[in-house]
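S.K.: Here it is: the structure, laid out below.
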Amino acid sequence: MKKNIIFVVNPISGDLDKSDLIDAVHEFSITHNFNLVVHETTGEQDIKAIHRLYDEFDPERIIVAGGDGTIKMVAEAMEQHDVVIGILPAGSANGLSVDLNLPGTIEENLKIAFLNSYIEMDMICINGKKSIHLSDIGINADLVKNYEESDLRGFWGYALQAYTTLVDSNEPFVATITANKETIQHTARMIVIANSQKYGTGVTINPNGAVNDGKFELVILKSLDLLLLGKIITGNMPIDSDDIVIISTDKATIETDYAVNFQIDGEYCGAQRLLEIHILHKQMKIAVP
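For the sequence shown, position 114 (counting from the first letter as 1) is numbered 122 according to the working numbering, and the numbering increases by one without interruption.
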């Protein structure tokens, strides 16, 4: 008897044509005797549709072709179910796949997504919203907002917004942070709430992060001049710098002196003054190399 696989594909993620990828998934399913059920996301009622497909087909796995946002949506849909999620990186933000060291070819990723073993991965809850990867307040969230509002996509669109965001960035904010039964105060340009190590660009922001250790890290960047930014971007994260503080915890609150732009997994979530954060340990099963 054939085992069912639900294939969730985001047709517009990353501005990439998915036809070759979809064909490859169909061929792999036929070769390995899986029954493939395809759901193309629309941005409306996707979680309900995935619930319905899960109840109808009781799948062996759910395979996701998209970026971090699509993976997060599927993980949220499946948080009450015991099912392995396989990832085919195909978004504008593929940070989680970079962190999991997923390979660069469709063929290798198909084998991992359909057939490999899995890890039980944490998620982070921030003001009631789920994060699977990296969220932050401050200058990177400014960049995410500016990029979402611009017409230019791809690397050059991102590079242009990075430059204008740095030039036009707001004043540093004062953050009062409560974690590990201590309350501290820092003036910061950016605070990262990290479940893992790397941004989708490959830049390491949280060198000691692990996606399944029951903790998250607050990475506080007190200044963000071009020299420090250059070190981070080139992979030389200076964790011994006086300008960077890293706190590892399973629960925290961040309160800022004015409303600061905030993003979750590459999605802009408005300006916030209070973030309440806690870990959700072993929330999803992800196929890994």
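Glycine residues also receive a C-beta, built at the ideal position from the N, C-alpha and C atoms. Here the structure is a predicted model, which is why all the values come from computation and not from measurement.
Indicate the three-state DSSP secondary structure (helix, strand or coil) for V92 in the structure shown.
M.R.: Counted from its first residue, the sequence shown places residue 92 at position 84. It is a strand residue.
S.K.: On the three-pair Cβ rule with 8 Å, is the segment 246-262 touching the segment 97-106?
M.R.: no
S.K.: How many angstroms separate the CA atom of N220 from the CA atom of E84?
M.R.: Start at 1 with the first residue of the sequence shown, and residue 220 comes out as number 212. Start at 1 with the first residue of the sequence shown, and residue 84 comes out as number 76. If I take the Cα positions, the gap works out to 17 Å.
S.K.: Beta-carbon within less than 6 Å of I228's beta-carbon, same chain only, minus the 5 sequence neighbours each way: which residues are those?
M.R.: Along the sequence shown, read from residue 1 onward, the residue named residue 228 stands at position 220. Hits under 6 Å: H194, A196, I199 and V253.
S.K.: Could you tell me the boundaries of the alpha helix (DSSP H) in which E300 lies?
M.R.: Limits of the chain in this structure are 9 at one end and 297 at the other, which puts residue 300 out of reach.
S.K.: Kindly give me the distance between the Cβ atoms of G274 and G77, rounded to whole angstroms, as I take these residues to be in contact under 8 Å.
M.R.: Within the sequence shown, numbered from 1, the residue matching residue 274 stands at position 266. Within the sequence shown, numbered from 1, the residue matching residue 77 stands at position 69. At roughly 6 Å, the Cβ-Cβ gap stays under 8 Å, so G274 and G77 are in contact.
S.K.: Hey, would you say N12 sits closer than 8 Å to T49, going by beta carbons?
M.R.: What you label residue 12 is simply residue 4 of the sequence shown in a count that begins at 1. What you label residue 49 is simply residue 41 of the sequence shown in a count that begins at 1. No Cβ-Cβ contact shorter than 8 Å links N12 with T49.
S.K.: Check H34 in the structure and name its three-state DSSP category.
M.R.: On the sequence shown, position 26 is the one that residue 34 refers to. In this structure, H34 counts as helix in the three-state DSSP scheme.
S.K.: Answer with buried or exposed for Q318, where buried requires no fewer than 16 other C-beta atoms within 10 angstroms of its C-beta.
M.R.: The question about residue 318 has no answer here: the residues shown for the chain are numbered 9 through 297.
S.K.: Can you tell me where the beta strand (DSSP E) with T78 in it begins and where it stops?
M.R.: Residue 78 sits at position 70 when you count from the first residue of the sequence shown. Looking at the DSSP string, T78 is not in any beta strand (DSSP E); the run it does join, the alpha helix (DSSP H), is D76 to A85.
S.K.: In chain order, what residues of the same chain lie with their CB nearer than 7 Å to the CB of G210, ignoring the 5 residues before and after it?
M.R.: Here residue 210 is taken as the residue at index 202 of the sequence shown, counted from 1. Apart from sequence neighbours up to five positions away, the residues of its chain that approach G210 with a beta-carbon distance below 7 Å are V106, ordered along the chain.
S.K.: Please identify the residue among H89, R69 and M9 whose C-alpha is closest to the C-alpha of L5.
M.R.: With the chain covering 9 to 297 only, the question about residue 5 has no answer from this structure.
S.K.: Is V72 closer than 8 Å to G94 when the C-beta atoms are compared?
M.R.: Your numbering for residue 94 matches position 86 in the sequence shown. Your numbering for residue 72 matches position 64 in the sequence shown. Cβ distance < 8 Å, so G94 and V72 count as in contact.
S.K.: Would Y126 and A267 be called neighbours here (beta carbons separated by less than 8 Å)?
M.R.: Numbered from its first residue, the sequence shown carries residue 126 at position 118. Numbered from its first residue, the sequence shown carries residue 267 at position 259. Contact flag unset, no.
S.K.: Could you tell me how far apart the beta carbons of Q271 and D144 are, in whole angstroms, since I believe they sit closer than 8 Å?
M.R.: One-based indexing of the sequence shown puts residue 271 at position 263. One-based indexing of the sequence shown puts residue 144 at position 136. Their Cβ separation, rounded to whole angstroms, is 6 Å, which keeps Q271 and D144 in contact under 8 Å.
S.K.: Does DSSP put K11 in a helix, a strand or coil?
M.R.: Walking along the sequence shown from the start, residue 11 turns up at place 3. K11 falls in the strand class under three-state DSSP.
S.K.: Tell me whether the beta-carbon of N216 lies closer than 8 Å to the beta-carbon of I132.
M.R.: Taking the sequence shown and counting its residues from 1, the one referred to as residue 216 is at position 208. Taking the sequence shown and counting its residues from 1, the one referred to as residue 132 is at position 124. No, the Cβ-Cβ distance between N216 and I132 is not below 8 Å.
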